[in-house]
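In the numbering used here, the protein residues as written are 64 to 294. Written out below as structure tokens is the structure these notes cover.
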Amino acid sequence: MQGRSGVILKAPMKQFIISGILVALLFNADAQRGGGRGETDGFSFSGGGVGNGIPTLFAFSLGGNYSTVSGMGGWQTGVRGSFMMGVPISQGFSIRPEIALSFLNTSNTAAGYNLGLNYFELPLLASFNISHARHFHLLIGPEVGFLFSANSTAAGVKTDITQAVKQEVFSLAAGAEYIPNSFGVSLRYQHGLTDINKDNAGYSGYTRSLSLSLVFRPGYKRSFTHPTSTK
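Have a look at this one:
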């Protein structure tokens, strides 16, 4: 049953996320051709925006995560970094495609080994701006992770186990961000939906992680000092 569900969910979810990112990129390209209309609040590089001037968000994040795999019991720290682009749909809602690198670590204290899982992630999140100045955002949506390496360490010996772990995993992510100017903070929770075990070994393992990151918005000051208006 697990294998059958994987076949049903795997392809549609992957196509949905990749298609969403492509649509967001096309939407942004069209917006940049018609940018500069309306008032900006510093989200864009040069005052450009979409529709009535709602600006586009470009930002980078770098921080740490605290992660585990269900059934293993041990939580450990890792590193996560990303590039994000927010495509506004309305004054209070935008689509947030991201490209991220996530290094998840956990330990099995009973068995006496540590596990490292390193992913290239593509989240596609809905972003809700709930403050008047659009500094505070709530995020939720799916993400797909592509494994590029995995290892286990026991008694000081590291073993490559990449081939024993599933190459693609799907997750649900939710979080909150506060970005008042060029810098901000992001808190994110990721809940794995795919069993990472490649072969049915009689147990299941799903990733769980909590990340806290510093967000850097490089174009904020320049955009903020040059608002434009058609009024």
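Beta carbons are placed, not taken as given, at the ideal position from N, Cα and C, and that holds for glycine.
Asked	Found
Residue range of the unbroken beta strand (DSSP E) whose run includes N260	That residue, N260, is in no beta strand (DSSP E); it is neither H nor E in DSSP.
Candidates Q154, A218 and Y176, of which the one nearest I193 by Cα	Q154
Rounded straight-line distance, which links the Cα of G179 to that of S267	17 Å
For M147, the first and last residue of its enclosing beta strand (DSSP E)	G136 to S153
Touching by the beta-carbon criterion (3+ pairs, under 8 Å), the segment 237 to 244 and the segment 208 to 217	no
Nearest-angstrom Cβ-Cβ length linking L167 and N128, presumed shorter than 8 Å	7 Å
I270, DSSP secondary structure in three states	Checking the sequence shown, residue 270 turns out to be Thr, not Ile. Here T270 sits in strand by DSSP.
Reference Q253; option with closest CA among T169, N181 and P205	P205
For A217 and E161, the rounded distance between their alpha carbons	34 Å
Beta-carbon separation (whole angstroms), A236 vs P186, contact threshold 8 Å	5 Å
Straight-line gap, F233 to V150 (C-alpha atoms, nearest Å)	23 Å
Local conformation of Q253 per DSSP, three classes	strand
Straight-line gap, G238 to F123 (C-alpha atoms, nearest Å)	16 Å
Candidates S276, T222, E231 and S190: closest to L120 by CA position	S190
One or two residues paired with H200 in a DSSP bridge	N192 and E240
G101 versus S157 - alpha carbon distance	Model confidence at G101 stands at a pLDDT of 32, short of 50, so the residue's coordinates are unreliable; what they give is reported in the following sentence. Computed Cα separation, rounded: 17 Å.
Bridge-paired residues (DSSP) for F211	Per DSSP, none; premise fails for F211.
Among G134, A163, G136 and G137, nearest to R143 - alpha-carbon criterion	A163
CB contact flag (S272, S130, <8 Å)	yes
Bridge partners - S133, DSSP secondary structure assignment	Beta-bridge pairing links S133 to no other residue.
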